[in-house]
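In what follows, a single structure is set out as structure tokens and then discussed.
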Amino acid sequence: FFEVSLVGMYFMIAGWGYEDRQRAALMFFLYTLLGSLPLLLAIIGLYLGSGTFDMRAWIDAPPLTGLAAMLALIAMLFTFAVKIPAFPVHTWLPAAHVQAPTAGSVILAGVMLKFGTYGLVRFALQMTPEAFAQAGQVILAFGVVSALYGAFAALAQTDLKKMIAYTSVNHMGYVVMGVAVAALATDPRIRTIGLDGATLQMVSHGLVTGALFFLVGMLQDRAHSRELSDFGGLLGRVPWLGWAFILSAFASLGLPGLAHFPAEFQVFLATLNAAPWAIVAILAIVVTAALYLRAIAAVFLGEANPKWAEMPDLDRRENLAVVPLLILTVLVGVAPGWLIDIIHTTMTGLAN
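Numbers in our numbering are just positions in the sequence shown, counted from 1, shifted up by 405.
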């Protein structure tokens, strides 16, 4: 089932994507399929150590120790890093997002990237706990580098869709940090905070980035362009689209009161307690703020481009797609307790 999802996404990109869709779909398929082979080897190793394929048995009594456990962990980490994707095995993601249709980008960001981070928590952390703790600083470093690299790479983009694709690398880096900190921390409370923050970040990323891809896709349908330099002053032309993008962008940069803030706050709180050096990743939030403010100014503020004088605003169908995501973005930011309670119930047991 882990790999069956590739088939649908491959055909979605190859069949309904943009100009270079065949190459992007093939790159996505090969990267993620070949990246899964090490996971198969790890599963075989866990079976040889336990005599069963029962995942509950692997969690209750991890069957591998020492070098065997470390090799299994490395195999799993490679697979999940490709799925997340984390630096440096992220290169398939921008191409897939840019060429995918809007619905494909939303599903890819909102659902499929979470396969990798789910695997970190469900497989790697629980089935090779000692090896994960030993490698925790290295895993944390990859999370920090992914967060910083994703932010700076996004800042360098002039294509809106590619910019948002790179912010996914940034945001998923925070998830990796939260899981790594949970393995490093000795205090169960800090472990729980790290896992709570990582899981909440998965949810908030799906909401916020899904909304952003919807909105950029709607803008592209109208203008047939995603280049920042092609726009200007659109807030007066398409206020619903403009304010929806601004709200989503503010959420993505981690503004208090919106979905990413409580997740990133917990991740950095746990990081500060377990591995203070990694707090350097907070610089990525500053860079993310800069890139979104630049995008808002270039597309929606400033002098209006007369080319878009007749651009229509969001219609009812488009609002039905975007507004629920925006409502949940605000709800999770203002009152995250209900969702954190659900997450916390599971993560407390895992942390202990």
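For each residue, glycine too, the CB sits at the ideal point set by N, CA and C.
* Arg722: first and last residue of the uninterrupted alpha helix (DSSP H) it sits in -> Indexing the sequence shown from 1 puts residue 722 at position 317. In this chain, the alpha helix (DSSP H) harbouring Arg722 covers Arg721 to Val739.
* Measure the CB-CB distance between Leu736 and Trp645 and report whether it falls below 7 Å. => Sequence index remark: in the sequence shown, residue 736 carries index 331 (1-based). Sequence index remark: in the sequence shown, residue 645 carries index 240 (1-based). Trp645 sits away from Leu736, with the two beta carbons spaced by 7 Å or more.
* Could you give the DSSP three-state label for Asp564: helix, strand or coil? => For this step, residue 564 is matched to residue 159 along the sequence shown. Asp564 carries a strand assignment under DSSP once its states are collapsed to helix, strand and coil.
* To do: Let me know the alpha helix (DSSP H) ranges lying completely inside the segment 614-672, each 4 residues or longer, listed in chain order.
  => With a minimum length of 4 residues, the continuous alpha helix (DSSP H) runs that stay inside the segment 614-672 are 644-657.
* Asked: How many Å lie between Ala700 and Gly599 at the Cα?
  -> In the sequence shown, counting from the first residue as 1, residue 700 sits at position 295. In the sequence shown, counting from the first residue as 1, residue 599 sits at position 194. A direct Cα-to-Cα measurement between Ala700 and Gly599 gives close to 31 Å.
* What number of angstroms, rounded off, separates the C-alpha of Val412 from the C-alpha of Leu478? -> To locate residue 412, count along the sequence shown from 1; it is residue 7. To locate residue 478, count along the sequence shown from 1; it is residue 73. Each residue's Cα considered, the two are about 26 Å apart.
* To do: Below 8 Å on the Cβ atoms is my guess for Leu744 versus Leu565; work out the distance and round it to an integer in Å.
  => Counting from one through the sequence shown, the residue named residue 744 turns up at place 339. Counting from one through the sequence shown, the residue named residue 565 turns up at place 160. Going by Cβ atoms, the distance from Leu744 to Leu565 rounds to 29 Å, so no, they are not a contact pair.
* Can you grab the Cα-Cα spacing for the pair Ala429 / Tyr436, in whole Å? => Here residue 429 corresponds to residue number 24 of the sequence shown, with the count starting at 1. Here residue 436 corresponds to residue number 31 of the sequence shown, with the count starting at 1. For Ala429 and Tyr436, the distance between alpha carbons rounds to 10 Å.
* Whole angstroms is fine: what's the gap from Ala585's alpha carbon to Gly541's? => Taking the sequence shown and counting its residues from 1, one reaches residue 585 at position 180. Taking the sequence shown and counting its residues from 1, one reaches residue 541 at position 136. In this structure, the alpha-carbon of Ala585 lies about 5 Å from that of Gly541.
* Asked: Under a three-way DSSP split, which group does Ile489 fall into?
  -> Here residue 489 is taken as the residue at index 84 of the sequence shown, counted from 1. Here Ile489 sits in coil by DSSP.
* To do: Quick one: residues in its chain with C-beta nearer than 6 Å to the C-beta of Ala500, no 5 flanking neighbours on either side, listed in chain order?
  => Here the question's residue 500 lines up with position 95 in the sequence shown. Short of 6 Å from the beta carbon of Ala500, and not among the five residues preceding or following it, lie these beta carbons of its own chain, in chain order: Ala429 and Met432.
* **Nearest residue (CA-CA) to Ala791, options Thr753, Gly548 and Leu652** => The question about residue 791 has no answer, for the chain in this structure spans 406 to 757.
* Hey, Phe366 and Ala529: beta-carbon distance below 7 Å or not? -> Any property of residue 366 remains undetermined from this structure, which presents the chain solely from 406 to 757.
* **Thr604 (DSSP reduced to helix, strand or coil)** => In the sequence shown, counting from the first residue as 1, residue 604 sits at position 199. Residue state, collapsed to three classes: helix.
* To do: Using the Cα positions of Thr470 and Gly738, report the straight-line distance between them to the nearest angstrom.
  => Within the sequence shown, the letter at position 65 stands for residue 470. Within the sequence shown, the letter at position 333 stands for residue 738. Cα to Cα, Thr470 sits roughly 41 Å from Gly738.
* Identify which residue in Ser573, Gly754, Asp626 and Ile489 has its Cα closest to the Cα of Ile690. => For the purposes of this step, residue 690 is identified with residue 285 of the sequence shown, where counting begins at 1. Measuring from the Cα of Ile690, the nearest candidate turns out to be Ser573.
* Verify whether the separation of the beta carbon atoms of Phe492 and Val692 is less than 7 Å. => Sequence index remark: in the sequence shown, residue 492 carries index 87 (1-based). Sequence index remark: in the sequence shown, residue 692 carries index 287 (1-based). No; because the gap between Cβ atoms is not below 7 Å, this pair is not in contact.
* Asked: Is Pro667 near Pro729, with beta carbons less than 7 Å apart?
  -> As a working mapping, residue 667 is identified with position 262 in the sequence shown. As a working mapping, residue 729 is identified with position 324 in the sequence shown. No; because the gap between Cβ atoms is not below 7 Å, this pair is not in contact.
* Do Gly515 and Gly615 have their CB atoms nearer than 7 Å? -> Taking the first residue of the sequence shown as position 1, residue 515 is located at position 110. Taking the first residue of the sequence shown as position 1, residue 615 is located at position 210. For the 7 Å CB-CB criterion, Gly515 and Gly615 form a contact.
* **Beta carbon of Pro468 nearer than 7 Å to that of Leu446** => Translated into the one-based positions of the sequence shown, residue 468 becomes position 63. Translated into the one-based positions of the sequence shown, residue 446 becomes position 41. At least 7 Å separates the beta-carbon of Pro468 from that of Leu446.
* **For Phe458, three-class secondary structure by DSSP** => Working through the sequence shown from its first residue, we reach residue 458 at position 53. In the structure shown, the three-state DSSP call for Phe458 is coil.
* Asked: What separation, rounded to the nearest whole angstrom, lies between the Cα atoms of Leu640 and Met568?
  -> Residue 640 sits at position 235 when you count from the first residue of the sequence shown. Residue 568 sits at position 163 when you count from the first residue of the sequence shown. So the two alpha carbons sit approximately 20 Å from each other.
* Verify whether the separation of the beta carbon atoms of Glu723 and Met623 is less than 7 Å. => One-based indexing of the sequence shown puts residue 723 at position 318. One-based indexing of the sequence shown puts residue 623 at position 218. Between Glu723 and Met623, the C-beta gap is smaller than 7 Å, which places the two residues in contact.
* From Met414 to Ile732, what distance separates their C-alpha atoms? -> The count along the sequence shown starts at 1 and reaches residue 414 at position 9. The count along the sequence shown starts at 1 and reaches residue 732 at position 327. For Met414 and Ile732, the distance between alpha carbons rounds to 27 Å.
* Indicate whether Gly707 and Gly637 have their beta-carbon atoms separated by less than 7 Å. => As a working note, residue 707 is residue 302 in the sequence shown. As a working note, residue 637 is residue 232 in the sequence shown. At a Cβ-Cβ threshold of 7 Å, Gly707 and Gly637 count as neighbours.
* To do: Could you say which of Met752, Thr750, Glu632 and Thr751 lies nearest to Phe705 if we only look at CA atoms?
  => Position 300 of the sequence shown, counted from the start, is the residue given in the question as residue 705. Comparing Cα positions, the closest option is Glu632.
* Bounding residues of the alpha helix (DSSP H) (the contiguous stretch that carries Gly413) -> Residue numbering aside, residue 413 sits at position 8 when the sequence shown is read from its first letter. Counting along the chain, Gly413 sits inside the alpha helix (DSSP H) bounded by residues Val409 to Trp421.
* With distances taken from CA atoms, which of Trp682, His576, Ile489 and Phe416 is nearest Met517? -> Counted from its first residue, the sequence shown places residue 517 at position 112. When Trp682, His576, Ile489 and Phe416 are compared, the shortest CA-CA separation from Met517 is found for Ile489.
* **Coil, strand or helix - Ala474 by DSSP** => Here residue 474 corresponds to residue number 69 of the sequence shown, with the count starting at 1. In this structure, Ala474 counts as helix in the three-state DSSP scheme.
* Asked: Considering only the beta carbon of each residue, do Gly555 and Val581 sit closer than 7 Å?
  -> Taking the sequence shown and counting its residues from 1, the one referred to as residue 555 is at position 150. Taking the sequence shown and counting its residues from 1, the one referred to as residue 581 is at position 176. Judged by beta-carbon spacing, Val581 lies beyond the 7 Å limit of Gly555, meaning their Cβ atoms are not closer than that value.
* To do: Below 8 Å CB to CB, which residues in the same chain sit around Phe670 once its five sequence neighbours on both sides are set aside?
  => Here residue 670 corresponds to residue number 265 of the sequence shown, with the count starting at 1. Sequence-distant partners of Phe670 (beyond 5 residues in either direction) whose C-beta falls short of 8 Å from its own C-beta, in its chain, are Gly602.
* Asked: Three-state secondary structure (DSSP) at Asp746?
  -> As a position in the sequence shown, residue 746 is number 341, starting the count at 1. In the structure shown, Asp746 falls within a helical segment according to DSSP collapsed to helix, strand and coil.
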